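Here is the structure we will look at, set down as structure tokens.
2 protein chains.
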Amino acid sequence: MSKGLIVQKYGGSSVANIERIRNVAKRISSYRRKGYDLVVVVSALGDTTDELVELAHQINPDPSPREMDMLMATGEQASSALLTMALHKLGVDAVALTGPQSGIYTDKDYTKAKIVKIIPKRIHEEIKAGNVVIVAGFQGLSPDGDIATLGRGGSDLTAVALAHALKADLCEIFTDVDGIYTADPRIVKDAKKLDVITYDEMLEMASLGSQVMQARSIEVGKKFSVPIVVRSSLNDRPGTLITEEVDGMEGAVVRGVSLDKSEAKVTIVGVPDRPGIAARIFKEISNSGISVDVIVQNVSSEGKTDISFTVAKVDLKEAIKILEAVVREIKAEKIVADEDICRVSIVGVGMRNHPGVAATMFDVLAKNKINIEMISTSEISISCIIREKDGKKAVNALHSAFGLGKKTKTK
Amino acid sequence: MSKGLIVQKYGGSSVANIERIRNVAKRISSYRRKGYDLVVVVSALGDTTDELVELAHQINPDPSPREMDMLMATGEQASSALLTMALHKLGVDAVALTGPQSGIYTDKDYTKAKIVKIIPKRIHEEIKAGNVVIVAGFQGLSPDGDIATLGRGGSDLTAVALAHALKADLCEIFTDVDGIYTADPRIVKDAKKLDVITYDEMLEMASLGSQVMQARSIEVGKKFSVPIVVRSSLNDRPGTLITEEVDGMEGAVVRGVSLDKSEAKVTIVGVPDRPGIAARIFKEISNSGISVDVIVQNVSSEGKTDISFTVAKVDLKEAIKILEAVVREIKAEKIVADEDICRVSIVGVGMRNHPGVAATMFDVLAKNKINIEMISTSEISISCIIREKDGKKAVNALHSAFGLGKKTKTK
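Protein chains in written order, with this note's numbering: chain A, 85 to 495; chain B, 85 to 495.
Here's what the structure looks like:
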């Protein structure tokens, strides 16, 4: 009898070379010996996807999304076949399936398709036949019968969605870090690995620059209450469980501190303070597919105001191009771009019931002589835009002030 | 209105790098401008297939055929997507299809599957929609819904079989040579490109070591009378037409001379001359999947005989291993292996009606002091096994004696 069904996902770094593929096969074999049924989602080897994208862009700077997907999907198809061969070498019965063979159906939004349904008939048959099922991540079948990919991090989504569809007991995301930390261990020396985190906290962490898991996959996990563990493929440490809110977690107000250096600040100076002007500005930008984040509008003086917001640095050039036309039209004074900023954020479901958290955060930054330029808050996070050079100091100060270090007891 | 439908095939060397992919796209674009409908079969880029096989063998020296096919098929899937992007760049409407999407159905004999049927519904739809259809060669869908590959040179087979299924007006095989020559131009200086050759002659050439096209694909071409042209993807020369026997070809008795260095000779010395002994020997070898070619049995003396035959050099070790047991059992004296041989052959449908051709061949070799060790004949070819060192001299002498050089007029 099976001890249960586990869906595992191994990222590109976990299968970056032959030695690592063998190690993944050994890990799968040990689960099998313990009596688990396994469905394993695998990413493309190492940097394969980046290399394929580069090759495509050399041939056509604006490649068709349909053919991009056909190209990129080969990476996961190859790695699933190779991992299966490594399992056969260990005497483990296994079969490799592409996304379409696994019954993953998507919409037609190539390169960033959404999963519309999963019919895991073949997977059930293969499990019943005693096989470990190795699924090529990141891909599915479009309504036109073509291969569609799920966008960056799509293998996480494949794993979480399959775990739901198969009613798996657990979804394990294997990566190159030990789990989710209170802060980036490369920045904060005494950052502590969390044993447990809520979906909401994980979502905030993901969207605030801690890209251990793709945000969409966490949303799906939350929607269907899929128990997810994030852990390392390089050791046997237990990792971090992502789950619903639980009682024992109430004690901790702030769960983690994150730092995001990927954004730039744009300020439109001297905007005539008339109704509809802000809408006009942001409509133009969003029409071009650029996401705008923290938005601040200064108090009006002499009928004019300044509007600031952040965009991803990669979108900055395009955003300014769009704004230059708008600025002329609305008769604003000028655009100022600033790339030397960063966002420091504190995240925790506990802060909902602790109104003093924001004040503490501002106080800590002030005591460290760090100027806050913009503020953004959600139910479970507070973000401050500060000078980029102050980022490391801010994260360490906040991490210590909220008692997140290894010496402190956090659940 | 379409001027007709052409199926083209581009081999790995024709798409070995980005520059060559662009050149192939330009060629396709020029056909399109002339008004042809096009279905283009493409191989994997350069040495991709060899690299994938090497990778698989590093992970598992005996990889499962099903997963090997899943792995190898990625090469053609990627190249078909890339060539399609190159066409889009030139403003040519095109769509890439995998073998399964093209409606190519195979048996379950993974890594060397046979095509069982082609249902080119999607291809017809795409042509009707104005697209050049780029088909990933070498692959199809097995009855289990898995990817199966057609063996080495399988993209030739994809092209010829599609040309038949689509009732194409022509099947063009683009490669890195200008066509089929009277002999290997690297060996014979005045070797001449043939304008036309019969399927049978081409088959003999293919099986005798001139591997411009896969033998199975020529058989299919012959069976369904598919007009095939072999030509270079690097220039605009017209190539060689492979077709049925035609009147104008009767004049030429011998069409080409080929040299094959891939075989070794095995001699079993002192075999008891009893009925059934030869059958016993060759049954054991063929049971192990090794092909035996030219077989010669000497006249018996004192109740013993010597049996010689050729096998591919790559199979020699395995063949000897099998024979050692047989030799002990049948009480033969010993096995002698000889790798320093080659096979020189003359090919031509005309020789059917010219009984003196063999005599001329033997005479030419004798005059050049080349010793003939074994002889093998078919309806349209004569092969002699000679010392390997004599190969080049023999090919040149025969090429000249049968008047195949550039100065001679051949049709």
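Note that beta-carbon positions come from the ideal geometry of N, C-alpha and C, so glycine has one too. Computed from a predicted structure; not experimentally measured.
Span of the alpha helix (DSSP H), counted from its first residue to its last, around residue i
i: A:Ser-149; result: One point to set straight first is that residue 149 of chain A is Pro, not Ser, in the sequence displayed. Counting along the chain, the alpha helix (DSSP H) containing A:Pro-149 begins and ends at 149 to 173.
i: B:Ser-113; result: 102 to 117
i: B:Gln-142; result: 132 to 143
i: A:Phe-366; result: 361 to 371
i: B:Thr-444; result: 441 to 451
i: B:Ser-301; result: 299 to 307
CB contact check: residue i to chain A, cutoff 8 Å
i: B:His-438; result: no
i: B:Leu-155; result: yes
i: B:Ile-112; result: no
i: B:Ile-188; result: no
i: B:Thr-133; result: no
i: B:Pro-204; result: no
i: B:Pro-147; result: yes
i: B:Ile-207; result: no
i: B:Gly-235; result: no
i: B:Ala-232; result: no
i: B:Gln-298; result: no
i: B:Ala-197; result: no
Limits of the beta strand (DSSP E) - the one that residue i falls within
i: B:Glu-347; result: 347 to 356
i: A:Lys-201; result: 199 to 202
i: A:Gln-381; result: 376 to 381
i: B:Met-458; result: 458 to 462
i: A:Tyr-189; result: 188 to 190
i: B:Leu-181; result: 178 to 181
i: A:Lys-93; result: 89 to 94
i: A:Ala-403; result: A:Ala-403 -> not in any beta strand (DSSP E); alpha helix (DSSP H) instead, spanning 400 to 414.
i: A:Ala-421; result: 418 to 422
i: A:Thr-242; result: That residue, A:Thr-242, is in no beta strand (DSSP E); its alpha helix (DSSP H) goes 238 to 249.
i: A:Ile-454; result: First-last for A:Ile-454: undefined, no H or E at that position.
Chain B contact for residue i (CB, 8 Å cutoff)
i: A:His-172; result: yes
i: A:Glu-151; result: yes
i: A:Met-169; result: yes
i: A:Ala-249; result: no
i: A:Asn-382; result: no
i: A:Leu-488; result: no
i: A:Ile-143; result: yes
i: A:Ile-302; result: no
i: A:Thr-158; result: yes
i: A:Gln-161; result: yes
i: A:Gly-224; result: no
i: A:Leu-122; result: no
i: A:Ile-211; result: no
i: A:Ala-128; result: no
Proximity below 8 Å, CB of residue i to CB of residue j
i: B:Ile-352; j: B:Ile-419; result: yes
i: B:Pro-41; j: B:Thr-327; result: Residue 41 of chain B lies beyond the range of chain B shown here (85 to 495); nothing can be said about it.
i: A:Thr-259; j: A:Ser-342; result: no
i: A:Val-350; j: A:Ala-416; result: no
i: B:Ile-425; j: B:Ala-348; result: yes
i: A:Lys-173; j: B:Ile-143; result: yes
i: A:Thr-242; j: A:Ala-157; result: no
i: A:Thr-195; j: A:Asp-230; result: no
i: A:Ala-213; j: A:Thr-182; result: no
i: B:Ile-271; j: B:Lys-397; result: no
i: A:Met-297; j: A:Val-314; result: yes
i: A:Glu-151; j: B:Ala-180; result: yes
i: A:Val-380; j: A:Met-458; result: yes
i: A:Val-123; j: A:Leu-250; result: yes
Whole-number beta carbon distance between residue j and residue i, since they are thought to touch under 8 Å
i: A:Arg-339; j: A:Val-431; result: 6 Å
i: B:Val-176; j: B:Ile-112; result: 7 Å
i: A:Ile-211; j: A:Asp-284; result: No, A:Ile-211 and A:Asp-284 are not in contact; Cβ-Cβ is about 32 Å, not under 8 Å.
i: B:Asp-274; j: B:Gly-489; result: 4 Å
i: B:Val-433; j: B:Thr-282; result: 5 Å
i: B:Asp-377; j: B:Thr-394; result: 5 Å
i: A:Met-169; j: B:Ser-148; result: 6 Å
Taking one C-beta from the stretch 432 to 452 of chain A and one from the stretch 351 to 369 of chain A each time, how about it: are there three or more such pairs within less than 8 Å?
no
Taking three-plus beta-carbon pairs below 8 Å as touching, is the stretch 158 to 169 of chain A in contact with the stretch 187 to 207 of chain A?
Short answer: they don't touch.
With a cut-off of 8 Å, do at least 3 Cβ pairs link the stretch 474 to 488 of chain B to the stretch 441 to 459 of chain B?
Contact between the stretch 474 to 488 of chain B and the stretch 441 to 459 of chain B is present, because at least three Cβ pairs lie under 8 Å.
Hey, is the stretch 454 to 468 of chain A in contact with the stretch 87 to 105 of chain B, meaning 3+ C-beta pairs nearer than 8 Å?
Inter-segment contact for the stretch 454 to 468 of chain A and the stretch 87 to 105 of chain B is absent: fewer than three beta-carbon pairs are separated by less than 8 Å.
Flag this pair as touching only if the stretch 99 to 108 of chain A and the stretch 124 to 131 of chain B have three or more C-beta atom pairs under 8 Å; answer yes or no.
no
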